[in-house]
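Going by the working numbering, the sequence shown opens with residue 76, and the numbers climb by one from there.
Here the structure is laid out as structure tokens; the discussion comes afterwards.
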Amino acid sequence: MERTVTGPQTAASPLPDVSGLLDGVPRQRELPARVPAPTPAAARPSFRPWHLLPTPTGTPFTFAYAALLALTSLVAAWADPALMHTLYQDSSTDVAHLVRTPVLVLLASALWIAGGVVSPYAGAFVLVLTALERRIGGARAACVFLAGHVLATLATEVPVGLAVLFGHLPDTSLHRLDYGISFGVAASIGALSGLLTPWVRWPLLTLVASQLVNDLIAFQDPLTNWGHLIALTLGIAGWPLVRRWRLPAVAPVSA
């Protein structure tokens with residue numbers, strides 16, 4: 076049965092005014108405009124300056140290691156020079172020590188910063204290791220650093236030992252002073268660059284490699300300078316590995 080409207084609705088009528096509608100056709104509701112869902116705060120990339128520095132909870136390996144290096148640098152600054160020369164000599168990764176106590180001197184040599192806290196490698200250690208640990212975790216960052224330190228040391232000292240053995244270098248070459256964190260830092264720079272976007276990666280590698288080549292050309296300490304280049308190359312060679320190690324919270328970079 077059709078329903079018709081016969082006239083204006085009285086005030087007492089319980090029905091709404093439907094005079095402007097077609098008979099029997101319900102009013103169509105307008106859908107609200109689609110609003111994009113807000114991006115979760117955790118997924119939005121944001122730059123926080125304090126993330127450049129190590130923290131006890133965010134980067135425990137870098138924080139603890141940096142504190143240890145600060146302590147040994149303080150000792151080196153205030154201790155008697157003769158005592159420090161003895162400590163450096165006992166920590167040196169020269170051929171003589173590597174033959175007798177390889178593990179001990181490889182670890183002990185990484186407790187000192189050549190040049191102290193004012194060395195460029197001190198600042199590079201804090202910034203690079205913090206960034207690397209935030210991307211791959213503390214244990215893996217430690218592996219990268221240690222691998223660069225150990226392998227670059229062996230790559231420079233083993234040829235010296237062979238040269239002495241075959242009479243091409245004097246026996247005094249077995250006791251050269253060699254300590255510090257620079258090989259580990261160079262390897263960490265190489266590994267970190269593989270996790271950065273290309274517009275940051277290639278300028279960083281160009282800057283670091285050119286500086287290391289200039290040091291080698293200056294020929295002040297060629298063995299150490301070769302070690303820096305070897306360590307940087309080792310870090311670059313580890314790109315496939317560190318990219319697999321990337322933590323899920325860190326967004327992937329362009330290859």
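No residue lacks a Cβ here, since even glycine has one placed at the ideal position from N, Cα and C.
In the DSSP assignment, find the unbroken alpha helix (DSSP H) run with GLN286 in it and report its ends.
273-293
Would the region 253-262 count as touching the region 212-223 if we require 3 or more Cβ pairs under 8 Å?
yes
If contact is defined by three or more beta carbon pairs under 8 Å, each pair taking one atom from either stretch, is the region 198-211 in contact with the region 140-147?
yes
With distances taken Cα to Cα, identify the nearest neighbour of ILE311 among GLN286, SER268, GLY302.
Ranking GLN286, SER268, GLY302 by Cα distance to ILE311 puts SER268 first.
Can you find a CB in chain B that lies within less than 8 Å of the CB of ARG319?
Protein chain content of the structure displayed is limited to a single chain, and chain B is not contained in it.
On the DSSP letters alone, give me the boundaries of the alpha helix (DSSP H) that PHE220 sits inside.
Boundaries of the alpha helix (DSSP H) around PHE220: 213-240.
Following the continuous alpha helix (DSSP H) through TYR140, name the residue where it begins and the one where it ends.
135-153
Pairwise C-alpha distance: CYS218 and GLY302:
18 Å
Whose C-alpha, out of LEU244, THR137, LEU249, ILE292, is nearest the C-alpha of ARG210?
THR137
With 16 other CB atoms within 10 Å as the buried threshold, where does THR228 fall?
That one is buried.
ASN300 classed as buried or exposed, judged by whether at least 16 other C-beta atoms fall within 10 angstroms
buried
State the DSSP-derived secondary structure class of ILE305, mapped to helix, strand or coil.
ILE305 falls in the helix class under three-state DSSP.
Taking the CB atoms as reference points, tell me whether LEU309 and VAL283 lie closer together than 8 Å.
no
For the alpha helix (DSSP H) containing VAL317, name the first residue and the last one.
314-319
Taking just the CA atoms, how far does VAL288 sit from ARG215?
So the two alpha carbons sit approximately 28 Å from each other.
Does the Cβ of ILE292 have 16 or more other Cβ atoms within 10 Å, making it buried, or fewer, making it exposed?
exposed
Between the Cα of THR132 and the Cα atoms of LEU270, GLY213, ARG321, PHE241, which residue gives the shortest distance?
Minimum Cα distance to THR132 is reached at GLY213.
Assumed close pair SER257, TYR163 - CB separation to whole angstroms, cut-off 8 Å
That pair is no contact at about 14 Å.
Hey, quick one: how far does the alpha helix (DSSP H) through TYR163 stretch, first residue to last?
From DSSP, the alpha helix (DSSP H) with TYR163 extends over 156-166.
Kindly indicate the opening and closing residues of the alpha helix (DSSP H) around SER268.
Boundaries of the alpha helix (DSSP H) harbouring SER268: 257-268, taken from the DSSP string.
Of the listed residues VAL235, VAL192, VAL239, nearest to VAL150 (C-alpha basis)
VAL192
Cut-off 7 Å between Cβ atoms - residues of its own chain near ALA330, not counting five sequence neighbours on either side:
The predicted model places ALA330 with a pLDDT of 49, which falls under 50 and marks its position as unreliable, so this point remains unresolved.
Exposure label - LEU173; buried when at least 16 CB within 10 Å
Using a 10 angstroms sphere on the CB of LEU173, the tally of other CB atoms reaches 16 or more, which defines it as buried.
Tell me which residues share the same chain as ALA51 and place their Cβ nearer than 6 Å to its Cβ, disregarding the 5 neighbours each side in the sequence.
Shown here, the chain extends from 76 to 330; a query on residue 51 therefore has no answer.
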